[in-house]
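Peer 1: Here it is, the structure, as structure tokens.
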Amino acid sequence: VMDAGIREARAQGWFAAGPFSLGFLAGRLIRATEPPVRRRRHADPHFVPASDQSADIVVPAIVDLQEQLLGRLRLCNGLDLARIRVRVPGRRLLRLGLLEFLFFLAAHEHRHLVQAWQVRRNSGFPSAGRPRTGPLRVGR
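The sequence shown begins at 1 in this note's numbering and counts up by one.
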């Protein structure tokens, strides 16, 4: 999503030092995404990962994605983050400035981290070496 916008900005010479600001719509979207969750939403089915993946597979994949994101952030250094427009995955018609998208992405990641900690704190979460019995319920 970000790669095409970054390539275009570099090719067109879209550089700026900022400061940059968030638009009204992006600000609302980011506030709605950031914890604490005010309104629950269901993920689009093609974004829902398989539930049978082990932590040995998932954790390295998450770390790799974070490293890729950091690499893209380094490529953004000096670019006009307000001028570059990117499509929001899963929202075909929604385009945000790259700065807005990065803020949205950070809020989305924060939301996932909070969800993970809620699951880990849940008494139904299995401890090491002990299989879970019964359904796992995640509360607020």
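C-beta: ideal position from N, C-alpha, C; glycine also.
Between Gly139 and the rest of its own chain, which residues show a CB-CB distance below 6 Å, the 5 nearest in sequence each way excluded?
Peer 2: For Gly139, the pLDDT reaches just 45, beneath the cut-off of 50, and the residue's location in the model is therefore unreliable, although a value from the coordinates is still provided. For Gly139, where only same-chain residues beyond five positions count, there are no Cβ hits under 6 Å.
Peer 1: Taking the beta strand (DSSP E) that Gly18 falls in, what are its first and last residues?
Peer 2: No beta strand (DSSP E) contains Gly18, which DSSP labels as neither H nor E.
Peer 1: Quick one: residues in its chain with C-beta nearer than 8 Å to the C-beta of Arg39, no 5 flanking neighbours on either side, listed in chain order?
Peer 2: Once the five neighbours on either side are set aside, the close Cβ partners of Arg39 are Ala32.
Peer 1: If you follow the alpha helix (DSSP H) that Arg41 is part of, which residue opens it and which one closes it?
Peer 2: Per DSSP, Arg41 belongs to no alpha helix (DSSP H) and is neither H nor E.
Peer 1: Determine which residues share a DSSP beta bridge with Gly97 and list them.
Peer 2: Its beta-bridge partners are Arg85.
Peer 1: Expressed to the nearest angstrom, what Euclidean distance is found between the alpha-carbon atoms of His42 and Gln66?
Peer 2: Looking at the two C-alpha atoms, the distance is approximately 23 Å.
Peer 1: Are Phe20 and Leu79 close, meaning C-beta to C-beta below 8 Å?
Peer 2: Their beta carbons are not under 8 Å apart, which means Phe20 does not touch Leu79 by this criterion.
Peer 1: Taking its Cβ as the centre, do 16 or more other Cβ atoms sit within 10 Å of Glu84, making it buried, or is it exposed?
Peer 2: Reading off the sequence, residue 84 comes out as Ile, not Glu. Label assigned to Ile84: buried.
Peer 1: Since Leu79 sits in a beta bridge, which residues does DSSP pair it with?
Peer 2: Bridge partners of Leu79: Phe15.
Peer 1: What separation, rounded to the nearest whole angstrom, lies between the Cα atoms of Gln12 and Gly5?
Peer 2: Cα to Cα, Gln12 sits roughly 10 Å from Gly5.
Peer 1: If we count the other Cβ atoms within 10 Å of its Cβ and call it buried at 16 or more, is Gly97 buried or exposed?
Peer 2: Classification for Gly97: buried.
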